[in-house]
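Input: a single structure, listed below in structure tokens.
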Ligand code: HEC
Ligand code: HEC
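Residue numbers (the working numbering): 16 to 482.
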């Protein structure tokens with residue numbers, strides 16, 4: 016075993032010395048020399064080597080002492096449990112909400128899942144809106160549902176009615192690959208139940224599980240013009256894959272900005288993403304969203320003038336999600352993994368899940384600036400076909416479009432979160448199911464996978480598991 020390791024490291028060393036053939040070969044970043052011959056350093060200098068259940072919760076190793084202190088202050092706030100006002104610590108929960116802390120949904124800074132049979136909703140929520148029939152060109156800003164707003168709050172503080180709940184029913188449908196392997200996909204059906212007042216018939220409902228929260232500062236630091244080079248809205252290159260940027264409302268700049276975060280790229284910055292999480296998910300107000308999420312509804316008791324969370328707390332929590340480390344890839348020299356990586360490229364997965372990007376400068380966050388990273392996303396919207404559609408437009412995102420999710424760390428979700436539920440609503444029960452749900456612009460990729468041999472499909476999965 017020891018001998019084997021030595022041979023492996025020797026091979027690695029040789030390939031570094033003679034220069035690697037892959038395009039992610041040896042990189043020299045500023046004054047620090049960082050060697051990434053195999054693309055294992057997924058987060059550049061913010062990469063950590065930890066494949067344990069803590070893999071998503073580690074501060075970036077290149078933070079200064081002062082920055083680490085700020086990160087750790089943010090960590091405390093990310094875990095803070097909010098309670099009903101008045102209270103000494105963390106008051107301001109609700110009156111209507113989905114959960115009481117950030118970490119309850121983003122468990123171990125990882126991802127959520129739909130509830131099992133007879134389980135309550137914990138880390139999954141439902142966005143709501145009315146059809147936007149205004150002719151604003153392509154932009155369909157979500158129209159709040161009277162009495163509900165833009166999100167179903169399934170919990171409420173004592174003595175207050177929650178907005179309602181959701182029933183999920185799955186129906187299994189079989190699918191056969193070219194080589195005769197049978198796979199079942201579970202089709203979800205969502206029904207809003209227990210509403211405190213009738214919901215309009217034409218309400219649009221979008222299910223979403225909590226995504227992982229590491230590596231996000233790096234994604235925020237990718238220059239807009241880099242992202243736009245991957246956009247090909249009218250498919251000029253004729254590969255069947257377009258890719259379109261979302262432009263969403265920035266409440267501070269008071270104009271439309273490139274959307275990057277959320278399953279439909281409907282948030283422009285992490286600051287706004289965090290403030291809307293406090294507001295929409297926990298009923299906690301900030302200077303960005305100073306009105307309670309129950310404003311205009313019968314649950315509203317009083318609208319406090321002072322934000323329930325200060326700008327200082329908002330700042331440290333934002334910094335926290337900007338500076339969580341990205342776990343390094345594992346088993347990069349395994350021949351099966353290398354084969355899988357080639358198949359990933361051949362099946363055009365890399366056209367949307369872009370392997371390598373370079374960050375620019377994120378003001379105030381030097382640790383994520385000027386890094387070569389391997390996030391496996393283009394941060395653009397793609398039509399994924401009718402089966403994955405939520406039919407709820409979100410700014411420029413149509414009812415069938417989703418943002419390409421980053422794939423870094425995806426092989427560690429089982430270890431960190433104890434499940435392998437993937438896609439925006441966790442319907443896929445493993446990585447292969449997630450791939451087989453791909454349609455629309457990714458239909459050709461899906462076909463390629465269906466035509467693969469079992470050995471090839473196993474290699475593709477082994478590659479994804481190494482991320
Ligand atoms: C009820 C569960 C829930 C709670 C509580 C919650 N989140 Fe989230 N979070 C989500 C979901 C679901 C999404 C995806 C939203 C979407 O696509 O519209 C999300 C998205 C995010 C994202 C964007 C991730 C990405 O890759 O785009 C960040 C950052 C985030 N949340 C941080 C926080 C913080 C900070 C808090 C606490 C202030 C918090 N969340 C509280 C469920 C939750
Ligand atoms: C046209 C762009 C596109 C192509 C091509 C594509 N994907 Fe995706 N992929 C997406 C989008 C968008 C989603 C999110 C869909 C959703 O959640 O409903 C996704 C989701 C995934 C997920 C689940 C991620 C998560 O966090 O839940 C995996 C795994 C994945 N893709 C792997 C692949 C593989 C492997 C291929 C090639 C066989 C591929 N993709 C091809 C756009 C693409």
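By construction, the Cβ of each residue, glycine as well, lies at the ideal position given by its N, Cα and C atoms.
Starting from the Cα of residue i, find the closest Cα among the options and give me that residue.
i, options, result
"residue 305", "181, 297 and 319", "319"
"residue 457", "377, 387, 434 and 359", "359"
"residue 134", "102, 108, 100 and 180", "180"
"residue 345", "480, 145 and 337", "480"
"residue 330", "354, 314, 303 and 308", "303"
"residue 226", "177, 288 and 178", "288"
"residue 186", "446, 362 and 201", "201"
"residue 414", "57, 420 and 401", "401"
"residue 207", "394, 168, 362 and 105", "168"
"residue 420", "430, 444 and 365", "365"
"residue 448", "475, 139, 156 and 64", "475"
"residue 173", "254, 438, 61 and 98", "98"
"residue 253", "62, 473 and 459", "459"
"residue 112", "103, 104, 101 and 141", "141"
"residue 57", "136, 233, 170 and 190", "233"
Does the beta-carbon distance from residue i to residue j come in below 8 Å?
i, j, result
"residue 410", "residue 204", "no"
"residue 428", "residue 392", "no"
"residue 350", "residue 70", "no"
"residue 129", "residue 228", "no"
"residue 266", "residue 107", "no"
"residue 249", "residue 257", "yes"
"residue 347", "residue 477", "no"
"residue 176", "residue 357", "no"
"residue 291", "residue 110", "no"
"residue 388", "residue 59", "yes"
"residue 146", "residue 216", "no"
"residue 273", "residue 231", "no"
"residue 482", "residue 417", "no"
"residue 123", "residue 67", "no"
"residue 184", "residue 210", "no"
"residue 127", "residue 144", "no"
"residue 157", "residue 340", "no"
"residue 461", "residue 454", "yes"
"residue 190", "residue 451", "yes"
With a threshold of 16 other CB atoms inside 10 Å of the CB of residue i, please say whether the residue is buried or exposed.
i, result
"residue 132", "exposed"
"residue 279", "buried"
"residue 259", "buried"
"residue 251", "exposed"
"residue 199", "exposed"
"residue 43", "Because the pLDDT at residue 43 is just 36, under 50, the model does not fix this residue reliably, and the point stays unresolved."
"residue 522", "Since the first and last residues shown for the chain are 16 and 482, residue 522 lies out of range."
"residue 469", "exposed"
"residue 395", "buried"
"residue 355", "buried"
"residue 87", "exposed"
"residue 325", "exposed"
"residue 188", "exposed"
"residue 323", "buried"
"residue 54", "buried"
"residue 155", "buried"
Taking only heavy atoms of ligand 3 into account, decide whether any of them is closer than 7 Å to the Cβ of residue i.
i, result
"residue 399", "In the structure shown, ligand 3 is absent; the only ligands present are ligand 1 and ligand 2."
**Report entry** Inter-stretch contact at 8 Å, needing at least 3 Cβ pairs: the region 157–174 / the region 186–203
**Finding:** no
Query - Three or more C-beta pairs below 8 Å linking the region 314–328 and the region 115–125 - result: no
Query raised in the report: Do the region 233–244 and the region 370–381 make contact, defined as three or more Cβ pairs closer than 8 Å?
Result: yes
Query - alpha helix (DSSP H) segments (min. 4 residues) lying fully within the region 411–446 - result: 428–432
Requested in this report: Could you tell me whether the region 400–408 touches the region 82–101, using the rule of 3 or more Cβ pairs below 8 Å?
Outcome: no
Report task. Answer yes if the region 90–104 comes into contact with the region 379–390, meaning at least three C-beta pairs across the two stretches below 8 Å, and no otherwise. Result -> They do not touch, by the three-pair rule.
Requested in this report: May I have a chain-ordered list of the beta strand (DSSP E) segments no shorter than 3 residues that lie completely inside the region 179–211?
Outcome: 180–191 and 197–208
Requested in this report: Within the region 280–354, note down every full alpha helix (DSSP H) run reaching 4 residues or more, in order along the chain.
Outcome: 285–291 and 326–337
Report task. Would you mind listing the beta strand (DSSP E) stretches within the region 99–173 that are 3+ residues and don't spill past its ends, in chain order? Result -> 139–144
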